[in-house]
Amino acid sequence: MASLEEFLSELARSPEKLGSFILNPNEAMEEAELSPEDRRALRSGFTSVIYARLSGMSVDEAFQIPQQFQIVPQFQQLPPQFQQLPPQFQQLPPQFQQLPPQFQIPPQFQQLPPQFQQLPPQFQQLPPQFQQLPPQFQQLFRM
Numbered sequence: 000m001a002s003l004e005e006f007l008s009e010l011a012r013s014p015e016k017l018g019s020f021i022l023n024p025n026e027a028m029e030e031a032e033l034s035p036e037d038r039r040a041l042r043s044g045f046t047s048v049i050y051a052r053l054s055g056m057s058v059d060e061a062f063q064i065p066q067q068f069q070i071v072p073q074f075q076q077l078p079p080q081f082q083q084l085p086p087q088f089q090q091l092p093p094q095f096q097q098l099p100p101q102f103q104i105p106p107q108f109q110q111l112p113p114q115f116q117q118l119p120p121q122f123q124q125l126p127p128q129f130q131q132l133p134p135q136f137q138q139l140f141r142m
């Protein structure tokens, strides 16, 4: 069984292997006997997923968000001198309280015309072929 690193190195060195991988990635990965996890990473097409696999993480593990973050005690509260803005920064200067005329929206464009306020019926629902992920992506985005 080849490691993902060996497989990618071989693709970089051998134009023939790269060509066969481009033409039929599943067959090339099967011939190299890549693990299912490595195949899943390559099929995803995301460089961050592939990098995670090269680093030894599983695809699922690489993108788990920790439930709680620990904050170092000295950073739990701002120092007193930073807890309130200085008076000169508490309010915008008058020249910045309103957009200049050239950046204001003219009245005739402040509201959409009636014909554009609602989508036409044919665009209110996705076509059937786009209502479900293609099979090759369903396993990547299982909830």
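For the record, in the sequence shown the residue sitting at position 31 is 30 according to numbering that gives the first Met the number 0, with numbers rising by one throughout. Think of the CB as a built atom: it goes at the ideal place given N, C-alpha and C, for glycine as much as any other residue. Bear in mind that the values here come from a model prediction, so they are computed numbers and not experimental data.
- Counting only runs that start and end inside the stretch 101-134, there is no alpha helix (DSSP H) element of at least 4 residues.
- Annotation for Ile21: no residue places its beta carbon closer than 6 Å to its own, counting only its chain and skipping 5 residues before and after.
- Taking a contact to require three or more Cβ pairs closer than 8 Å, the stretch 29-49 and the stretch 0-12 qualify as touching.
- In its chain, beyond the 5 residues on either side, Ser43 have a beta carbon closer than 6 Å to the beta carbon of Leu139.
- The Cβ-Cβ distance between Ile49 and Leu7 falls below 9 Å.
- Asn25 sits in a helix when the DSSP states are folded into three classes.
- In the DSSP assignment, Phe6 falls within the alpha helix (DSSP H) that extends over 3-12.
- For Gln96, the three-state secondary structure derived from DSSP is coil.
- Counting only the Cα atoms, Ser19 lies some 13 Å from Arg12.
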